[in-house]
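*Asks:*
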Amino acid sequence: MNRGILTALRRLTVDRRGTSALEFSFIALPLIVLLVAIVEFGRAFWVRNLMQFAVEEAGRYAMVNTSATTTAVANVASAKLTGYGLTIKSLTVNATTSTASGINYMSVTAQYQFSFATHLLPISTLTLSSQSMVPLTL
20 MNRGILTALR RLTVDRRGTS ALEFSFIALP LIVLLVAIVE FGRAFWVRNL
70 MQFAVEEAGR YAMVNTSATT TAVANVASAK LTGYGLTIKS LTVNATTSTA
120 SGINYMSVTA QYQFSFATHL LPISTLTLSS QSMVPLTL
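Structure (structure tokens):
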């Protein structure tokens, strides 16, 4: 009986069939998680760039329309961002005016609570923010 078990064990140690499948099973899960993380953070950077573009567009609107109120400028940025598909409930846009050395400035800021599409990552939400400051008078 012991001789039969030893013979079977010897055959198993020499048999190399299935090693590729076993090695793939060790690598597959971390590789899939890495690929999902790359896609998710790529989406986050894309949304961040959209936000920066929207606040810069709102700043340009404020430069051209110097009599525009801060609410109107914030609405321009909000309209741009919702046009790209960002949800209103996770989005905050503010516009404020300030003066430094006799020059009036308008600052447009946006914050967005970015939710990851998958729950494979330990982070559930990420706060993205962008800001643009433009001179209103020279």
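For the sequence shown, the residue numbers in the working numbering are 20 to 157.
Think of the CB as a built atom: it goes at the ideal place given N, C-alpha and C, for glycine as much as any other residue.
1. So the beta strand (DSSP E) Pro154 belongs to, where does it begin and stop?
2. Could you spell out where the beta strand (DSSP E) holding Asn113 opens and where it closes?
3. Nearest to Thr146 by alpha carbon, out of Tyr80, Thr89, Val153, Phe135?
4. Are Lys108 and Ala73 close, meaning C-beta to C-beta below 8 Å?
5. Whole angstroms are fine: how far does the CA of Thr89 sit from the CA of Ser97?
6. For Ala77 and Leu110, I'd like the C-alpha separation in whole angstroms.
7. Taking the CB atoms as reference points, tell me whether Thr144 and Gln132 lie closer together than 8 Å.
8. Please check the pair Thr128 and Ser148, which I expect to be a contact at CB under 8 Å, by giving their CB distance rounded to whole angstroms.
9. Quick check: what's the CA-CA separation for Thr26 versus Arg35?
10. In chain order, what residues of the same chain lie with their CB nearer than 6 Å to the CB of Met82, ignoring the 5 residues before and after it?
11. Looking only at its chain, what residues have a beta carbon closer than 8 Å to the beta carbon of Ala93, apart from the 5 residues adjacent to it on each side?
12. Would you kindly report the start and end of the unbroken beta strand (DSSP E) that includes Asn123?
*Replies:* Judging by the given coordinates:
1. Residue numbering aside, residue 154 sits at position 135 when the sequence shown is read from its first letter. Per DSSP, Pro154 belongs to the beta strand (DSSP E) from 144-154.
2. In the sequence shown, counting from the first residue as 1, residue 113 sits at position 94. From DSSP, the beta strand (DSSP E) with Asn113 extends over 110-119.
3. The residue labelled residue 146 in the question sits at position 127 within the sequence shown. Comparing Cα positions, the closest option is Phe135.
4. Start at 1 with the first residue of the sequence shown, and residue 108 comes out as number 89. Start at 1 with the first residue of the sequence shown, and residue 73 comes out as number 54. Going by C-beta atoms, Lys108 is not nearer than 8 Å to Ala73.
5. The residue given as residue 97 occupies position 78 in the sequence shown. The residue given as residue 89 occupies position 70 in the sequence shown. Going from the Cα of Ser97 to the Cα of Thr89 covers about 12 Å.
6. As a position in the sequence shown, residue 77 is number 58, starting the count at 1. As a position in the sequence shown, residue 110 is number 91, starting the count at 1. Roughly 15 Å between the two C-alpha positions.
7. Residue 144 sits at position 125 when you count from the first residue of the sequence shown. Residue 132 sits at position 113 when you count from the first residue of the sequence shown. Yes, these two residues count as a Cβ contact at 8 Å.
8. Working through the sequence shown from its first residue, we reach residue 128 at position 109. Working through the sequence shown from its first residue, we reach residue 148 at position 129. With 8 Å as the limit, Thr128 and Ser148 qualify as a contact, their Cβ atoms being about 7 Å apart.
9. Looking up residue 26 in the sequence shown gives position 7. Looking up residue 35 in the sequence shown gives position 16. Answer to the nearest angstrom: the Cα atoms are 16 Å apart.
10. Taking the sequence shown and counting its residues from 1, the one referred to as residue 82 is at position 63. Val153.
11. What you label residue 93 is simply residue 74 of the sequence shown in a count that begins at 1. So the qualifying residues of the chain are Ala77, Val112, Asn113, Ala114, Val127.
12. Here the question's residue 123 lines up with position 104 in the sequence shown. That run of the beta strand (DSSP E) goes 122-134.
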